[in-house]
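Here the sequence shown is numbered in the working numbering, starting from 2 and rising by one per residue.
Even glycine gets a Cβ: it sits at the ideal position worked out from N, Cα and C.
Contents: one structure, followed by commentary.
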Amino acid sequence: MNSVDIITDGACSGNPGRGGWAAIVIDGTQHNEYSGADAHTTNNRMELQAAITGLQRAPTQRPLRVITDSQYLINGITKWVKGWQKNGWKTREGQPVENRDLWEQLIAVNGAHVSWQHVKGHAGHPLNERANTLAQQQAGSGTGSVFAPPATHTPQQPTNADPTAFPCYLSLIGSNLQRHATWESCQRTVHGVSGAKFKKVANQQQLDAQLRLWQVHR
């Protein structure tokens, strides 16, 4: 059974300040986006809220994979929370754990069917970049709105898309290298495929460097 991917990110203007969060839920060809804002918050709270909402919106009874660039979120949910709970929600230094309310909400929607994956932020991961854009937009607007395309929404590749133009997306499955004009095309190729690799490149120099990294000879 293929897993459902949940890509999350949080942003904050001021920290504390006006913040935004975003979660992208991908289930096969369905691509749903959710985002929201808080007038006075922190970046860490927005990271937590993004993960909570993503897990709440994802299909139940399916393997779920949360993808985030937040070390705070990854370390907290996979390493720290058990110790906090045993210690009465106190840190090792005896201080109250920050954001306990959101950590408890996250624990409630986490489970054995959920895995957590860290990606480096601002490193060309297309969906991480998209989530960051949505979160930044919400942090800038502070509207508090939440939106999502219809559940049956399938992103369409423009008919005039030119796969030879930049930026573009590379996918590598085994020895099969493909170049895509849009992320939607690349995502359809790699989603759910074990060992699939993908990368956004902005110019010919980045493309050549990525092919060398993958040891692909054209």
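Nearest-angstrom Cα separation, counted from residue j out to residue i
i    : j    : result
A52  : N45  : 11 Å
T190 : S172 : 7 Å
W90  : S14  : 28 Å
L128 : K83  : 30 Å
F167 : V26  : 26 Å
K87  : R93  : 11 Å
E99  : V5   : 29 Å
L212 : V67  : 28 Å
G37  : T79  : 25 Å
K279 : W22  : A question about residue 279 goes unanswered here, because the residues of the chain that appear run from 2 up to 219.
H119 : K200 : 16 Å
L214 : Q207 : 10 Å
A113 : N3   : 15 Å
A132 : G77  : 20 Å
G125 : V202 : 7 Å
A197 : W184 : 14 Å
A149 : C169 : Residue confidence is low: A149 scores 46 on pLDDT, short of 50, so the model does not pin down where it sits. No coordinate-derived value is stated.
H123 : C187 : 19 Å
A210 : V217 : 10 Å
N16  : T43  : 5 Å
W85  : P97  : 9 Å
T165 : Q205 : 10 Å
E130 : H32  : 15 Å
G95  : I75  : 22 Å
W81  : T30  : 35 Å
Distance between beta carbons of residue j and residue i, contact taken as under 8 Å
i    : j   : result
L135 : E48 : Contact flag wrong, Cβ pair sits at about 13 Å.
L56  : I8  : Contact flag wrong, Cβ pair sits at about 12 Å.
A140 : R19 : 6 Å
Q137 : A12 : 5 Å
T61  : A24 : With a Cβ gap of about 16 Å, T61 and A24 do not count as contacting.
D10  : T69 : 7 Å
Of the listed residues the options, nearest to residue i (C-alpha basis)
i    : options               : result
Q50  : Q207, R93, A109       : A109
A59  : W215, V115, K198      : V115
H192 : I174, Q205, D209, W85 : I174
W117 : G95, C169, S71        : S71
L65  : Q205, N111, T30       : N111
Quiz item: Given 8 Å as the limit, is there contact between the stretch 100 to 112 and the stretch 170 to 184, that is, 3 or more CB pairs closer than that?
Solution: No: fewer than three Cβ pairs fall under 8 Å.
Practice problem: Would you mind listing the alpha helix (DSSP H) stretches within the stretch 45 to 94 that are 4+ residues and don't spill past its ends, in chain order? | Solution: Complete alpha helix (DSSP H) runs here, min 4: 72 to 76, 82 to 87.
Quiz item: At what residue ranges does the stretch 108 to 134 contain a whole run of the beta strand (DSSP E), taking only runs of 3 or more?
Solution: Runs of the beta strand (DSSP E) spanning 3 or more residues and lying entirely within the stretch 108 to 134 occur at 115 to 119, in chain order.
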